[in-house]
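Notes follow the structure.
There are 2 protein chains.
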Amino acid sequence: MSRVVNGSPRVTKDIIETVNAAISELNYVPNRAARSLASRRTLAIALVVPETAARVFTDPFFASVVQGVALYLAETEYTLNMVIASETNPDKTRRFLMGGNVDGALVVSHHSGDHSYAQLPLPIVFGGRPVGEDPSNSYYVDADNVAGAELATEHLISRGRRNIAIIAGPQDMPGGVDRLTGWRLAMAKHGLDDTLIEYGDFSPASGTEAMRRLLMRRVPIDGLFATNDQMGAGAYAAILEAGLTIPASIAVVGFDDDQYGLAVTPPLTTVHQPSIELGTTMAKILVERLAGLTVDHATTLATDLVIRQST
Amino acid sequence: MSRVVNGSPRVTKDIIETVNAAISELNYVPNRAARSLASRRTLAIALVVPETAARVFTDPFFASVVQGVALYLAETEYTLNMVIASETNPDKTRRFLMGGNVDGALVVSHHSGDHSYAQLPLPIVFGGRPVGEDPSNSYYVDADNVAGAELATEHLISRGRRNIAIIAGPQDMPGGVDRLTGWRLAMAKHGLDDTLIEYGDFSPASGTEAMRRLLMRRVPIDGLFATNDQMGAGAYAAILEAGLTIPASIAVVGFDDDQYGLAVTPPLTTVHQPSIELGTTMAKILVERLAGLTVDHATTLATDLVIRQST
DNA sequence: TTGAAAGCGCTAACAC
DNA sequence: GTGTTAGCGCTTTCAA
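Chains A and B supply the protein sequences, listed in that same order. For the first sequence, the residue numbers in numbering that gives the first Met the number 0 are 0 to 310. For the second sequence, the residue numbers in numbering that gives the first Met the number 0 are 0 to 310.
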C-alpha cells in the first residue's frame, strides 16, 4: 500500500487500482509526521529571511521572491517553513536548521554577515550572489545586476546625457556592488567621469538624502541611475525641491521595476528583473538537489529595460 | 526524561539538573516528527495567503502582518508554514489544512470568497473582520478602520475642507467597507455632501484612475481621502497633471502609513495602523487558543493620524 | 512482485 | 515522584 502511494515501479496494475479506490473512498491522507519519522526526511524546506525589519518585508522585490518560492513549493510535496533569522540570536536559526526540522534551506537577502550559513551541512540555495566568498562552494540564483546596470546607464547615454550620477546601494550586498560595477563599466566604456557617486540603503528616504548630497556638489548633473526604484522615487523629492524637472533637467532610471516606480510622476524608467521567477528558480534548484540531481552552482537571470517617461 | 523536556510539574530538582546536563552534553535535539507522531500535535501553524498575485505580496501592509506573525511564532515552539491558497484549486489548501499538517491556521486578506475557511474544524484566526458572515463564529484581529477613516476625514474638515472626495477600496473587503463607512459617518456628522465617491483596487494605478474620474466630474474638490497610501500616491499623478497643487488645491490623506506615502512629494498625511502588531496579535491569539485558553473573538487595534505636508 | 514485521524517536498511560 | 512500556502511522527490509 505504501508502495502505491509512493509510486514504486514494480506493482501490478490491478493492485494499484484497488488501493487507489480504497484511498479515495476512505478519504485517506498520509500522515506527514509518521512518514517523516520513518523515512528520515522532513519534507519541509526552510525559507530564511534576515530580521532587518526595516527592509525585509517592506521591499516589494523581496516579497516577490518569497511569493515565487511559495508558488513553486505548492506544486511539490514540500512544505515551506518561514524562519526569521534573529540577528541578536543567530544560533537559534542555526540550531533550527540543524535540528532535523527541514531537508534544505533557501536564504534570501544574503548580506555579508550571512556567510556562515553556507558552511552548514545542509543543502542550501541562496538568493543573490554571495559576497566575498568562494562562489563555487554554494548554490545561488541571482539576477544579472551588472548587465542590468549597464543597460540603465547605456540608455541614459543614448538619451544624450553625459553627467550621470549614481545612487548606489550598500556595498555589503551583491546587488549594491554589482549595480555600481555595471554603471562603472558603461561609464568607462564611453570615457565618462565616474565620480558622481552617493550611497543609500535602498529606502526612499535614503534616496532623497543621497540626491540632496549629489545636488549640493554643485556640479552639472543631467542623468541619474538610482540602483532601485525606492531610492529613485525618493530622489524625485530632492530633484523637484531644487526646482529641477524630470526628465528635462535630469533623466532618471531606477532598478527593480516595482510599484514605487509607477507611483511617481513622471513614471520611472527602470530595469526589470524577474523577481518571482528568481524565487521559483531557487526553490526548483533546491528541490532538484534534494532529489539527488546535479545542478549548476550559479544561475543568472536576465534583466531588461522598461522605458517610461522619466528619461 | 520526556518529563523534563516538556516541563512536567512533578519532577525533582535533582533529576531535572541531571537530565539537562546530559542534554546539553550530548547536544540532544528532540525530533519533531517523532514528537508530533506520538503527541498527535504538529507544532506547526499555517499562514494562509490568497494567491491574488497582483496584490498579496506587493502590499507592504500585508508584508508587515506576515512579519509580525513570524516574529511572534519565532518565540514559541510553533513552526510557521506558509501556504499560498490557489484560487483555481481551493480544495488543495483545504485538504492541506485538514490533513493533520498543522494545529491551527492564520488567514490574512479575508476576501468575501474566503468565508468557507471559517467552517473548517480547525482553530483559525483571521486578519481582518469577516465580511457578511456572523462574526461571533470566528476569531479575528482587525485595525479600527472605521475610527481611522473618521480620524482622516475629521482632519481634512479641521483644515477647512468641505468638498471632500474619497477613493474607496473594494467593497468585498472589510478594509474597503469600513473605511468608506468611517468617511460617511464623519461627513454626515458635519452635514457635508457624501457623493464624491470613486473606487479603486488599492493599487497606485487604480488611485490615479479614480482621481481622474473624480476630477472629470468638474465639481469643486478641496480634500481627498484615499483609503490607502498606494492609491493616495497614485492620485498625486492625476492631481498634478490637472495643474492642481497639494495641499493648496486639494489636501490629501491616505491610510496605512507605508513607504508609498513617504516616496511622494509632499509627503502624505496618513492614518497609521499597527500592522506588525496585527500579525503578532493574530499569532498570539491562535497560540493561546491552542493552549486551551479562552480568548475574545474580536480584537480591534487602534489607529492614529500621522500629519505630514499633504494637508 | 507482494506480504509481514521491525523499527523511526517520541509521548502518554500505567505501574511501582 | 519516577521507571517502564505500548503504540503514534508510516517506510523499509527481509522473506516468501
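Just so it is clear, CB atoms sit at the ideal spot from N, CA and C, and this is done for glycine as well. Here the structure is a predicted model, which is why all the values come from computation and not from measurement.
- Query: What does A/SER85 reach in chain B if we use C-beta pairs closer than 8 Å?
  - Reply: ALA73
- Can you tell me whether A/LYS12 is buried or exposed, with buried defined as 16 or more other CB within 10 angstroms of its CB? exposed
- Contact list for B/LEU261 against chain A, beta-carbon separation under 7 Å: PRO203 and ALA204
- Test: A/ASN30 CB closer than 8 Å to a CB of chain B: yes
- Query: What does a CB cutoff of less than 7 Å around A/GLY112 pick up in its chain, not counting 5 residues either side in sequence?
  - Reply: In this prediction, A/GLY112 scores a pLDDT of 49, lower than 50, which makes its location untrustworthy; the coordinate-derived value is nonetheless stated afterwards. Nothing meets the Cβ criterion.
- Message: For B/LEU96, which residues in the same chain have their Cβ closer than 7 Å to its Cβ, ignoring the five residues on either side in sequence?
- Response: ALA45, ALA104, LEU119 and LEU121
- State the Cα-Cα distance for the pair B/ARG211 and B/LEU267, rounded to the nearest angstrom. 19 Å
- Of all the residues that make up the segment 129 to 151 of chain B, which are near chain A by a beta-carbon distance shorter than 8 Å? none
- Query: Whose C-alpha, out of A/PHE254, A/PRO265, A/THR302 and A/THR293, is nearest the C-alpha of A/GLU276?
  - Reply: A/THR302
- Between A/ILE306, A/TYR235, A/THR298 and A/LEU261, which lies nearest to A/VAL270 when the distance is taken from Cα to Cα? A/ILE306
- Task: Return the chain-ordered ranges of every alpha helix (DSSP H) run that is complete within the segment 129 to 209 of chain A and spans a minimum of 4 residues.
- Result: 144 to 157 and 173 to 188
- Bridge-paired residues (DSSP) for B/VAL345: Nothing can be reported for residue 345 of chain B: it is not among the residues displayed for chain B, which extend from 0 to 310.
- Task: Answer yes or no: does any C-beta atom of chain A fall closer than 8 Å to that of B/TYR27?
- Result: no
- Message: My assumption, with CB atoms under 8 Å, is that B/ALA62 sits in contact with A/ALA20. Please give the rounded CB distance.
- Response: Going by Cβ atoms, the distance from B/ALA62 to A/ALA20 rounds to 45 Å, so no, they are not a contact pair.
- Between the Cα of B/ASN30 and the Cα atoms of A/THR41, A/LEU239, A/PRO29 and A/PRO134, which residue gives the shortest distance? A/THR41
- Consider the Cβ of A/GLY199: report whether some Cβ of chain B lies at a distance smaller than 8 Å. no
- Based on the DSSP output, what are the partners of A/ASN80 in its beta bridges? A/ALA45 and B/ASN80
- Query: Alpha carbon to alpha carbon, what distance is there between A/ILE220 and A/SER205?
  - Reply: 19 Å
- Task: Could I get the ranges of all uninterrupted beta strand (DSSP E) runs contained in the segment 203 to 275 of chain A, with 3 residues as the minimum, in chain order?
- Result: 222 to 225, 250 to 255 and 268 to 271
- Message: Measuring CB atoms only, is the segment 257 to 265 of chain B touching the segment 283 to 295 of chain B, in the sense that at least three cross pairs come out at less than 8 Å?
- Response: no
- Item | Residue span of the beta strand (DSSP E) that contains B/LEU300, given as start and end | 297 to 300
- Query: Using a C-beta to C-beta distance shorter than 9 Å, which residues of chain A count as neighbours of B/TYR235?
  - Reply: ALA262, VAL263 and THR264
- Per-residue contacts from B/MET81 into chain A (C-beta, under 9 Å): LEU46, VAL65, VAL68, ALA69, LEU72, THR78, LEU79, ASN80 and MET81
- Item | Beta-carbon proximity of A/VAL130 to A/MET172, cut-off 8 Å | yes
- Item | Amino acids of chain A, ordered along the chain, whose beta-carbon sits closer than 7 Å to that of B/SER35 | ALA32
- Terminal residues of the alpha helix (DSSP H) in which A/LEU96 lies: 89 to 97
- Query: From B/ILE163 to B/ALA151, what distance separates their C-alpha atoms?
  - Reply: 11 Å
- Segment limits, beta strand (DSSP E) that includes B/LEU105: 103 to 106
- Check the Cβ-Cβ distances between B/ALA21 and every residue of chain A, and say whether any is below 8 Å. no
- Query: What do you reckon, are the CB atoms on B/THR280 and B/PHE254 nearer than 8 Å?
  - Reply: no
- Message: Assess contact between the segment 169 to 184 of chain A and the segment 238 to 252 of chain A, defined as three or more Cβ pairs (one per stretch) separated by less than 8 Å. Is contact present?
- Response: no
- Task: Rounded to whole angstroms, what's the CA-CA distance from B/ALA73 to A/GLY222? Just pull it up for me.
- Result: 45 Å
- Check each candidate in A/PRO265, A/ASP257 and A/ALA282 and name the one with the smallest Cα separation from A/LEU239. A/PRO265
- Query: Are the beta-carbon atoms of B/SER312 and A/ALA37 separated by less than 8 Å?
  - Reply: Given that chain B is displayed from residue 0 to residue 310, the structure contains no residue 312 of chain B and the question cannot be resolved.
- Where A/GLY127 sits in the DSSP three-state scheme: coil
- Is it right to say A/HIS154 is buried, meaning 16 or more other beta carbons lie within 10 angstroms of its own, or is it exposed? buried
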